[in-house]
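So the structure is just underneath, and the comments pick up after that.
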Amino acid sequence: MVSNGNVTLPAVDKDNCPDARSNLPAFMPAEACVTLTEILHGGPFPYSQDGVVFGNYEGVLPQQPRGYYHEYTVPTPGAQNRGARRIITGGTPPTAFYYTDDHYRSFKPFQVNR
């Protein structure tokens, strides 16, 4: 489920990662700031799966041609694998951004200031 209700979505500023908690939407963990910085700078990415095409097989995100969406891992402290947290981007370069913390069951859109 993609949901943002009637709330104005907060924006992330790529230059303010050291102060991540104040610049990320409240629903995102601080670790997402590093992932966003990597996305905006084109890498390098710590996981080999980062940047792969996200198929949207669940059909939760808006319908787009294959190859439009890409996924990136948001690290989970203490996890021994990639965990469930991801940022999904849409477009090349990315113009749409979504966060999931439940491994693609639901997504929250957010905006990024460049």
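The opening position of the sequence shown corresponds to residue 927 in the working numbering, with each subsequent residue numbered one higher. Glycine included, each C-beta is placed from N, C-alpha and C at the ideal position. None of the values given here were measured: they were computed from a predicted structure.
Per the coordinates, the alpha-carbon of Ile1013 lies some 19 Å from the alpha-carbon of Gly1004. Between Tyr998 and Thr961 a beta carbon distance of about 5 Å is seen, short of the 8 Å cut, so the two are scored as contacting.
Every unbroken stretch of the beta strand (DSSP E) spanning 3 or more residues and falling wholly within the segment 1001-1027 is given here in chain order: 1012-1016, 1022-1026. Distances from the CA of Asn1039 to each of Ala958, Met954, Ala956, Leu966 were compared; the closest alpha carbon is that of Leu966. Contact annotation: the segment 949-956 does not touch the segment 966-983, with fewer than three C-beta pairs closer than 8 Å. Using a Cβ distance threshold of 9 Å, Glu984 and Arg1031 count as a contacting pair.
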